[in-house]
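Here's the structure, in structure tokens; my notes come after.
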Amino acid sequence: LDPAGPKYTRASPEERLDPGDALFVEAIHTDADSFGIRIPVGHIDYFVNGGKDQPGCPRFISAGVLEQAVVNMRRLPMEVNAYLMTSSSAPFCVHHSLVEFRLQKIRNVITSIEITFFSNSTKDTTKITIPKQEEVGRRLLAHRAPLCQTNSVTLKYLPKNRFWRKDESHIIGKFCAAPLPLGNNRTMFCLPQILTLYDNTELSLQLSAACA
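According to UniProt numbering, the sequence shown is numbered sequentially starting from 1.
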């Protein structure tokens, strides 16, 4: 609830909450214009009323202290809006899958990988970020066709090249996915082969996840 801190929005993933911190990270933003954070930091992010100051809440910085001291008590609103990860067009219904990339070798820099699901008529994309000195990166992918009806997945390694330092030309690892919610009878579906991803080069593979 309200992952927060001064200048938090510009903090690196190592300094703030991010999807790599747990198997499933859910964040609720209610004060993103002050001490909160204005960008998604979890697999699912809720921006209540746009994530800014809430109806009935004071805007000044010491409001929380006064509330605890019972100086200012106001009734909470009966209804608030929640912003969920949906499709960009009607009917806005999507399926959610947890996608994961596990590096064969831990790196000293942040690793970014673009993941795209293709079905017969849809294409849905997200980006996995693996913090430096971490092995695994996870992200929620909202897609319009069920995972078992997704024909293929495309992975693209996005190196962070700087003029004073070139990133590695390729990474090696394993890709897995699972439809959410994960229950006792659901496990991660992993591609059987070890993957080699070259910088800014798409690698397309067939998916054969079984329907539940």
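Just so it is clear, CB atoms sit at the ideal spot from N, CA and C, and this is done for glycine as well.
Values in this document were obtained by computation on a predicted structure and should not be read as measured data.
Chain-order list of residues whose beta-carbon lies under 6 Å from that of residue i (same chain, five-residue window excluded)
i: Glu26; result: Gly42, Ile44
i: Met188; result: Cys176, Ala178
i: Thr196; result: His170, Ile172
i: Leu76; result: With a pLDDT of 48 at Leu76, under the threshold of 50, the modelled position of that residue is not reliable, and no figure is offered here.
Cβ-Cβ distance between residue i and residue j below 9 Å
i: Lys156; j: Glu202; result: yes
i: Asn151; j: Phe118; result: yes
i: Pro13; j: Pro131; result: yes
i: Ile194; j: Ile172; result: yes
i: Leu158; j: Ser112; result: yes
Proximal residues to residue i (C-beta, below 8 Å), its chain only, five neighbours per side dropped
i: Gly36; result: Asp2, Pro3, Ala4, Tyr8, His29, Thr30, Gly51
Distance between beta carbons of residue j and residue i, contact taken as under 8 Å
i: Val99; j: Ile115; result: 5 Å
i: Ala177; j: Leu140; result: Not really, about 11 Å apart at Cβ, beyond 8 Å.
i: Ile128; j: Arg138; result: 7 Å
For residue i, the first and last residue of its enclosing beta strand (DSSP E)
i: Ile44; result: 44 to 47
i: residue 237; result: As shown, the chain starts at 1 and ends at 212. That puts residue 237 outside it, with no answer to give.
i: Ala178; result: 170 to 179
i: Ser112; result: 111 to 118
i: Leu23; result: Here Leu23 belongs to no beta strand (DSSP E), and DSSP marks it neither H nor E.
i: Arg102; result: 95 to 103
i: Ala209; result: Here Ala209 belongs to no beta strand (DSSP E), and DSSP marks it neither H nor E.
i: Ser152; result: 152 to 157
Cα-Cα separation between residue i and residue j, rounded to whole angstroms
i: Leu207; j: Asp53; result: 43 Å
i: Pro192; j: Asn49; result: 43 Å
i: Ala11; j: Gln104; result: 27 Å
i: Ile106; j: Ala209; result: 28 Å
i: Asn200; j: Thr125; result: 15 Å
i: Ala32; j: Glu135; result: 30 Å
i: Tyr46; j: Ala142; result: 14 Å
i: Cys211; j: Asn108; result: 38 Å
i: Asp21; j: Tyr198; result: 26 Å
i: Asp167; j: Asn120; result: 35 Å
i: Phe24; j: Gln149; result: 23 Å
i: Glu15; j: Leu182; result: 28 Å
i: Ala63; j: Pro40; result: Low local confidence applies: a pLDDT of 46 at Ala63 is under 50, so the model's placement there is unreliable, and no value is given.
i: Pro19; j: Val153; result: 20 Å
Close Cβ partners of residue i (< 7 Å) along its chain, the five nearest in sequence each way excluded
i: Leu180; result: His96, Ser97, Leu98
i: Phe92; result: Thr86
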